[in-house]
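Residue numbers (the numbering used here): 9 to 136.
For each residue, glycine too, the CB sits at the ideal point set by N, CA and C.
Note that the coordinates shown come from a computational prediction; the quantities given were computed from them, not determined experimentally.
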């Protein structure tokens, strides 16, 4: 069974994402409200995919977490953010995400990216 980690500091958004993932057939979902908690979960639980918000309230940003998740744990990740500013998107591109989805997300778009990741497709929104 695939395990997905949601890294989102806003409770309602995190719970909504958890419900969406369960609707897609992924019941094994963990939620971290901070990057530090996410690292703790990753170190103790198998994590197959992370959904990461860029702006987190406590400690490191989602961008910093994504770099760590990829370099140290080789975990694919999808950014889910309200930020559409070019500077932030450009920095996000450098971290090699599967995708960068703007809030509010489209459920079917998220589902398609997850299916691609778990289906073994090399997916990266920013590859040329």
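Rounded Cβ spacing between residue i and residue j (contact assumed at less than 8 Å)
| i | j | result |
| --- | --- | --- |
| residue 108 | residue 87 | 5 Å |
| residue 71 | residue 100 | 6 Å |
| residue 25 | residue 16 | 7 Å |
DSSP state of residue i mapped onto helix, strand, coil
| i | result |
| --- | --- |
| residue 77 | helix |
| residue 85 | strand |
| residue 64 | coil |
| residue 12 | strand |
| residue 106 | coil |
| residue 43 | helix |
Option nearest residue i by Cα separation, candidates the options
| i | options | result |
| --- | --- | --- |
| residue 39 | 33, 74, 59 | 59 |
| residue 41 | 106, 95, 30, 62 | 62 |
| residue 20 | 118, 111, 117, 116 | 111 |
C-alpha distance - residue i paired with residue j, whole-angstrom precision
| i | j | result |
| --- | --- | --- |
| residue 9 | residue 34 | 8 Å |
| residue 103 | residue 82 | 12 Å |
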